[in-house]
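Undergrad: For the sequence shown, the residue numbers in full-length UniProt numbering are 1 to 494. Glycine is no exception: its CB is placed at the ideal position from the N, C-alpha and C atoms. On a predicted model such as this, the values are computed, not experimentally measured, just so you know.
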Amino acid sequence: MAVNEDIPEQQSIRISPGLVSWKYRGLLMAVTLALLQLMNEVGALMAIPFYGSMAADLDFAPAQASWAVAATLLAGGASVPVMSKIGDLHGHRRVLIICLVLIVAGFTLSAVATNFVVLVTGRALVGVVAGQALTIGILNDRLSAADRGKAIGLVAAFQAVGIPLGLGLGGVLIDVGASWRTGFWIGAALTALGLIATLLWVSESDARIRSRAKSQTVNYGGVVLMGIGLTSLCIGVNESTTWGMLSGGTIAFVIGGLVLICASFYWESRSRHPLLNVRKAFSARLLPAYAVFVQTGIIGFILFSTVLGWAQTDPALLGYGFGISLVLASMLFLPYVFAGLVAPRLIVPALLRFPAKWVQLSAAVACTVGVVIIYFGYADIPTLVIGILVYAFGFTSLVAAAVNVIAAEASEEQGAGTASVYVAVALFASALGTVLFSAAIAAGHAPDAPPTPANYEAALLIAVFSTLIGIVGSLLLSPDVRIGHRIKSPERQS
1 MAVNEDIPEQ
11 QSIRISPGLV
21 SWKYRGLLMA
31 VTLALLQLMN
41 EVGALMAIPF
51 YGSMAADLDF
61 APAQASWAVA
71 ATLLAGGASV
81 PVMSKIGDLH
91 GHRRVLIICL
101 VLIVAGFTLS
111 AVATNFVVLV
121 TGRALVGVVA
131 GQALTIGILN
141 DRLSAADRGK
151 AIGLVAAFQA
161 VGIPLGLGLG
171 GVLIDVGASW
181 RTGFWIGAAL
191 TALGLIATLL
201 WVSESDARIR
211 SRAKSQTVNY
221 GGVVLMGIGL
231 TSLCIGVNES
241 TTWGMLSGGT
251 IAFVIGGLVL
261 ICASFYWESR
271 SRHPLLNVRK
281 AFSARLLPAY
291 AVFVQTGIIG
301 FILFSTVLGW
311 AQTDPALLGY
321 GFGISLVLAS
331 MLFLPYVFAG
341 LVAPRLIVPA
351 LLRFPAKWVQ
361 LSAAVACTVG
371 VVIIYFGYAD
381 IPTLVIGILV
391 YAFGFTSLVA
401 AAVNVIAAEA
411 SEEQGAGTAS
421 VYVAVALFAS
431 ALGTVLFSAA
441 IAAGHAPDAP
451 PTPANYEAAL
461 LIAVFSTLIG
471 IVGSLLLSPD
481 VRIGHRIKSP
491 ERQS
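(1) Based on Cα-Cα distance, which residue from Leu287, Gly433, Pro315, Thr383 lies nearest to Ala422?
(2) CB Leu100 to CB Gly194, shorter than 8 Å?
(3) Using 8 Å as the Cβ pair cut-off and three pairs as the minimum, do the stretch 350 to 361 and the stretch 395 to 405 touch?
(4) Spatial neighbours of Leu475 within its chain, please: CB distance less than 6 Å, with the 5 preceding and 5 following residues excluded, ordered by chain position.
(5) Relative to the C-alpha of Leu472, which residue among Gly170, Ser362, Met226 is closest?
(6) Where Ala289 and Ile302 are concerned, what is the direct C-alpha to C-alpha distance, given to the nearest angstrom?
(7) What residue from Ala449, Tyr391, Thr114, Ile441 has the CA that sits closest to Val464's CA?
(8) With a threshold of 7 Å on Cβ separation, who are the neighbours of Pro490 within its own chain once the five nearest residues in sequence on each side are excluded?
(9) Using DSSP with H/G/I as helix, E/B as strand and the rest coil, what is Ser411?
(10) Give a yes or no on whether the C-beta atoms belonging to residue 495 and Ser420 are separated by under 8 Å.
(11) Got a sec? Which residues, its chain only, sit under 6 Å from Asn238 by beta carbon, not counting five neighbours each side?
(12) What is the DSSP secondary structure of Leu332, reduced to helix, strand or coil?
(13) Between which two residues does the alpha helix (DSSP H) harbouring Ile174 extend?
(14) Taking Gln37 as the reference, which of Ala156, Arg25, Gln295, Leu28 has the closest Cα?
(15) Give me the residue from Gly249, Glu413, Ile373 with the minimum Cα distance to Leu461.
(16) Taking just the CA atoms, how far does Ser271 sit from Asp480?
(17) Sort Thr182, Leu346, Val307 by Cα distance to Ala401 and report the nearest one.
(18) Let me know the alpha helix (DSSP H) ranges lying completely inside the stretch 287 to 323, each 4 residues or longer, listed in chain order.
(19) Taking 7 Å as the cut-off, does the CB of Val112 come closer than this to any heavy atom belonging to the ligand SAH?
(20) By how many angstroms is the C-alpha of Gly300 removed from the C-alpha of Ser325?
(21) Would you call Phe282 buried or exposed, if buried means 16 or more other Cβ atoms sit within 10 Å of its Cβ?
(22) Check whether the Cβ atoms of Ser203 and Arg142 sit closer than 8 Å, and answer yes or no.
(23) The alpha helix (DSSP H) that contains Val104, what's its start and end?
(24) Put Leu276 into one of helix, strand or coil per three-state DSSP.
(25) Given a cut-off of 8 Å, decide if Gly227 and Ala78 are closer than it, judged by their beta-carbon atoms.
(26) Return yes when the Cβ of Leu477 is within less than 8 Å of the Cβ of Arg284, no when it is not.
(27) Where does the unbroken alpha helix (DSSP H) through Thr121 begin, and where does it stop?
(28) For His92, does the count of other Cβ atoms within 10 angstroms reach 16, so buried, or fall short, so exposed?
(29) Would you tell me roughly how many angstroms separate the C-alpha atoms of Glu9 and Gly162, rounded to the nearest one?
(30) Which of the three DSSP states is assigned to Ile381 in this structure?
(31) Taking the alpha helix (DSSP H) that Phe354 belongs to, which residues open and close that run?
(32) Would a C-beta distance cut-off of 8 Å place Arg42 and Leu169 closer than the cut-off?
(33) Can you tell me which of the three DSSP states Ser53 falls into?
(34) What would DSSP say about Val423, mapped onto helix, strand or coil?
(35) Cβ atoms of Leu109 and residue 496: under 8 Å apart, would you say?
(36) Can you have a look at Leu19 and say buried or exposed, based on whether 16 or more other CB atoms are within 10 angstroms of its CB?
Below, the structure written as structure tokens:
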């Protein structure tokens, strides 16, 4: 597909077939989509410190508070497959705009909530995070392989920058005595700005053009099953610490979810217009890239929770910790900003020169080195910051490499659908990381007693072993996967 130079830059971007120039609209579009990812990180992390005050203000029971936290995760699991398939058929930009409108509505509902039901509804709407998958569909249609790599690098960079920004903003709001409602109003305002930028600068993909070119009957049964299965799986994992790891409820939700997900893949494999190429999804060309997000989801929650918990513990009271505020604790993650600015500049050119296998593997090794440094030096601020820097560089590089692999391997008709799997995997892994951290931090002491240094070490040890997922997955990635190409849909191949 050649760059469409005949279309003036000021022309409507709703239907504009052909690649766009990186120098003009391409870069602006990539920055806009990267900012959406940054705002997603900020909105999610900024809310974490406020759940305690929310529960107090709205008189939640402890069980209700956990559901307020889980609502966003569960809504994401239910919505991502469906919204992605709709985007692949009817236009990724159109569905992205719908998602952003729902997120603005979710933040607004959360900000004005006067009871548990309204708050959970608002947090669920905020969980409509299919934008990450829809972005891949847009970039695949509108940018060349090289420019797509740069755009995905920008998205990974802004995601890294959003981590300390979200944590820091939440800490600042707490320190100045702001209400949790203020935090949600800020989330609504930021998302509304992202919506306006999307309307102005993000091009529509060719999905609607492809759909109009042929008559097709679409069956959404597979993606509905997948959404229900992911929701069931996340409920089982998320509530296992409350119900018990081997309780009937936990086992029923986990096994039921897995059965439904397997059934959805079987359904999609027999569909005329599947969400993704199921056979390829389980091949050495894609599965190892998806596995990366199991690692990042587990480690992300454990790392943030461990460092923030340890840093805010008063050594005068418990004999360990740094005794610093949430704002200062969040600054320990400032190396993510440096990593976000530097890593994509190195990784994207490497992906265009070398097989993705070795680039992804080098990033996975950097993650392991970083987490090991943190494990042995978490009680010393300089060593901890060095470990976070190394991990942040590896994390940003690993995400950029894996998403580039997924985008390159997705066909034109299944861009968002193929990418939706990594979003779903990341959501599940985040729930799993929450459970693993909770189990590690609560082991060996009374429920109302503070965690010990051994608890924090146990959590970090889980993170160390989790880094092996990225290394093993990268070793299994096919050496034939190259980023400098695009998979054509069958009817466009000659």
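TA: Answer, in terms of the structure:
(1) The residue you asked about is not Ala; residue 422 is Tyr in the sequence shown. Closest option to Tyr422, Cα to Cα, is Leu287.
(2) yes
(3) yes
(4) none
(5) Reading the sequence as shown, one finds Val at residue 472 and not Leu. Comparing Cα positions, the closest option is Ser362.
(6) 21 Å
(7) Tyr391
(8) Because the pLDDT of Pro490 is 39, which lies under 50, any placement of that residue in the model is unreliable, and the question is left without a value.
(9) strand
(10) In the structure displayed, the chain extends from 1 to 494; residue 495 sits before or after that span and is not available.
(11) Ala70, Ala431
(12) coil
(13) 145 to 175
(14) Ala156
(15) Ile373
(16) 28 Å
(17) Leu346
(18) 287 to 312, 315 to 318
(19) Ligands in the displayed structure: none, and consequently the ligand SAH is not present.
(20) 20 Å
(21) exposed
(22) yes
(23) 92 to 112
(24) coil
(25) yes
(26) It is Ala, not Arg, that sits at residue 284 in the sequence shown. In this structure, Leu477 lies closer than 8 Å to Ala284 by Cβ.
(27) 116 to 126
(28) buried
(29) Low confidence applies to Glu9: its pLDDT is 39, below 50, so where it sits in the model is not reliable, and the reading given next is rough at best. Whole-angstrom Cα-Cα distance: 30 Å.
(30) helix
(31) Here Phe354 belongs to no alpha helix (DSSP H), and DSSP marks it neither H nor E.
(32) Sequence check: residue 42 is Val here, not Arg. Contact flag set, yes.
(33) helix
(34) helix
(35) Residue 496 lies beyond the range of the chain shown here (1 to 494); nothing can be said about it.
(36) buried
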